[in-house]
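Under our numbering, the first residue of the sequence shown is numbered 28, with each subsequent residue one higher.
Down below is the structure, laid out as structure tokens.
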Amino acid sequence: MQIRTVMQKTAYITYITSSAIDYILYQEKFKDFIINIEKPDIISNVSDHLPILLQLKYKFPCINSVSQTQVTTHHKVKWNNIDRDRYKILVEEGIALLKVDPMNPNELDQAFQTLNHTLTKATLAVAPKKKKKIRKKKLQIMTENISQAISEKKIAFFQWKQNGRPPDPNHPLTIQKKITTSSLRKQCRIETALQRIQERQKIIDAGYNDPALFYSLIKKQRGRLSRFIEELTVDEEIFQSPENVMKGWNKHFGDLAKKSNNNSFDTNYLNSIEKEATHIINKFYTLSGLLPIEAEIHVKAINLFGNISRANCDSIEWRIAERQLQIKSHNSCSWFIEVKELCLKYEINDLYAYLTNPLSKFQWKKLVKSKIHDYWTSKITDESKGYSTLKFMDHKYNIGSVHPLAISVNANLKDIRKIPVRLKISTGNYILQTHKASFSKNNFISPTCKLCGKADETVEHFILLCEKLEETRIPLLSKILDNGSLILAKVATSFPIDLIQLIINPFCYVDINANRAVFEETSNILEPLCRQLLYNMHNKRYALLANIDKQGSRKSNF
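Here you go:
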């Protein structure tokens, strides 16, 4: 111990029945720094290793911030986004400055350092710089009210912290902390809204008095990323100042809003497309049983007038309605006059009488519903009779009930897939050669059937006459004839039954109100057979057309 200059610290004396450390040794040079050293007696220790407790006196040196070297962090370079040609040129220029044959190790180290410096410099020159994120201010606005709310919040938080951060939500300090936080947020929202209102008012005032201030405020409100048009060309006329740019913008879009006849437009094709769109809308309403959007808006407007009529006579709405209906003429733009004209359209006369003697809510809605439903039922039914594509439909428009052609008896995926083909054929939207020929210019497309080539491909030819579809047609057609004759024999009809009409829409011969049992038999037995027939023929037709197109492409390639 004297040779090694080691000192000792007595622990516990080892006995026969105990295992302990007799002496703790440490070097003499540490005696001024060691305050105390002992072996604690820990009952819970079950390990063979004994714990030692040491109290050491040590001072951490203070590093001078001025002497610290600033460490530069180089981010990972995305080599796919750099200019590789420029990088190659910079590296070649740096390599040209190197010595060709280093003579000693120092020159070799210097060459490697120069090479590393060249590569680093070239990389930093071509690598895209990372954009620094600008930290947003926590509060965009600061007022005396917000400052006072912040002070109260800090005091409440300090008191809550000094009292041990009580977790109980019903504790008075916790409640006070929440109240002050909510008050601060509320005050920030109020001040932000007031500032926004003041800026908006400045813009409004500047628009009349100072155009320069007006545009500067608009620019400030849009922010840094806004884009301004410095020059605008409209019809070979150049507008440069902000006021003139607005005039040019107004002129350009004002001309777009005006209806004009362009010589390059095909007016005949445009008229046919617009007519087809009108047909599609009426077909949709006939199949879905929904009210048009226009009718839904009218229902909302008229029901709103009913609410006003049932209001107290001293209310502002009721008094305005009374005055408008008495004074304003039919040429007025008043909302009440518009509602009055709507009511006249649906035969709801003398709107002022309903205002003075209002109906109950149930009676008014029942009246409006019956009038509007009667009007649109007759209107859509009459219009559908004038469309040739709807000749196979029964021209029955029942609001609130879907047409039976669009309903599947069994809710499985196979039956649902057959519905679109069924509806396209029944509404005249199924594309055949005759449809393509009618929309083609200069008779470029022939209406002749591509499958058999013997006649024009009309609906009748496709379903009943095409020879190429005979094998698909015969099995189901015989079942349709047998079941159709049995079902329709129970119905007294005064006109002959057309086979093509029976296949496309068998419900035109059956009325649900006259004989419900026959209608259900048609829906459950006859309609699935007709739907299956049309779906099978549709698949067979497109398969044959695909083979014809494939053979034609092979011949052209040959």
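Each residue gets a CB set at the ideal place from its N, CA and C atoms; glycine is no exception.
For residue i, which residues of its own chain have a beta-carbon under 7 Å away from its beta-carbon, when the five flanking residues on both sides are left out?
i: residue 463; result: 472
i: residue 104; result: 150 and 154
i: residue 312; result: 319, 407 and 424
i: residue 208; result: 180
i: residue 152; result: 117
i: residue 338; result: 344 and 345
i: residue 399; result: 322, 325, 326 and 373
i: residue 570; result: none
i: residue 545; result: 514, 517, 518 and 537
i: residue 448; result: 561, 562 and 565
i: residue 279; result: 261
i: residue 402; result: 373
i: residue 567; result: 496 and 499
i: residue 433; result: 314, 446 and 450
i: residue 371; result: none
i: residue 110; result: 153
Which residues does DSSP list as the beta-bridge partners of residue i?
i: residue 53; result: 34
i: residue 82; result: 63
i: residue 475; result: 483
Please list, in chain order, all residues of the same chain as residue i whose beta carbon is under 8 Å from its beta carbon, the five residues on each side excluded.
i: residue 348; result: 332, 335, 336, 363 and 382
i: residue 330; result: 391, 392 and 395
i: residue 556; result: 503, 506, 507 and 510
i: residue 355; result: 361, 363 and 364
i: residue 264; result: 275
i: residue 83; result: 60, 61 and 62
i: residue 564; result: 489, 490, 496, 499 and 500
i: residue 542; result: 517 and 518
i: residue 33; result: 52, 53, 54 and 55
i: residue 190; result: 200
i: residue 85; result: 60
i: residue 193; result: 187, 200 and 201
i: residue 353; result: 379
Grab me the residues of residue i's own chain with a C-beta within less than 6 Å of its C-beta, minus the 5 sequence neighbours each way, in chain order.
i: residue 445; result: 558 and 562
i: residue 585; result: Confidence in residue 585 is poor, its pLDDT being 47 and thus under 50, which makes the residue's placement too unreliable to answer from.
i: residue 210; result: 176
i: residue 366; result: 328 and 332
i: residue 87; result: none
i: residue 358; result: none
i: residue 457; result: 451
What whole-angstrom Cβ distance do residue i and residue j have, given they're in contact under 8 Å?
i: residue 511; j: residue 529; result: 6 Å
i: residue 552; j: residue 524; result: With a Cβ gap of about 16 Å, residue 552 and residue 524 do not count as contacting.
i: residue 1; j: residue 186; result: As shown, the chain starts at 28 and ends at 585. That puts residue 1 outside it, with no answer to give.
i: residue 484; j: residue 459; result: 5 Å
i: residue 488; j: residue 316; result: Actually they do not touch by this definition, with Cβ atoms about 32 Å apart.
i: residue 79; j: residue 58; result: Wrong, their Cβ atoms sit about 17 Å apart, outside the cutoff.
i: residue 420; j: residue 540; result: 18 Å between Cβ atoms; not a contact.
i: residue 572; j: residue 481; result: So it is not a contact: roughly 16 Å between Cβ atoms.
i: residue 204; j: residue 184; result: 6 Å
i: residue 173; j: residue 226; result: About 18 Å; that fails the 8 Å criterion.
When DSSP labels each residue in this structure, what does residue i get in the three-state scheme?
i: residue 534; result: helix
i: residue 374; result: coil
i: residue 430; result: coil
i: residue 462; result: helix
i: residue 447; result: helix
i: residue 455; result: coil
i: residue 185; result: helix
i: residue 585; result: Residue confidence is low: residue 585 scores 47 on pLDDT, short of 50, so the model does not pin down where it sits. Its coordinate-derived value is still stated next. The answer is coil: DSSP assigns residue 585 none of H, G, I, E or B.
i: residue 488; result: helix
i: residue 68; result: coil
i: residue 76; result: coil
i: residue 216; result: helix
i: residue 495; result: helix
i: residue 8; result: This structure leaves residue 8 out entirely; the chain is present only between 28 and 585.
i: residue 525; result: coil
i: residue 567; result: helix
i: residue 517; result: coil
i: residue 109; result: coil
i: residue 546; result: helix
i: residue 551; result: helix
Extract the residue ranges of the alpha helix (DSSP H) inside the region 251-339, only unbroken runs of 4 or more that lie entirely within it. 269-284, 294-315 and 320-336
Can you check the region 363-425 for any alpha helix (DSSP H) of at least 4 residues that lies completely inside it and give the ranges in chain order? 378-383 and 388-412
If we require 3 or more residues per run, which beta strand (DSSP E) segments fall completely within the region 111-178? none
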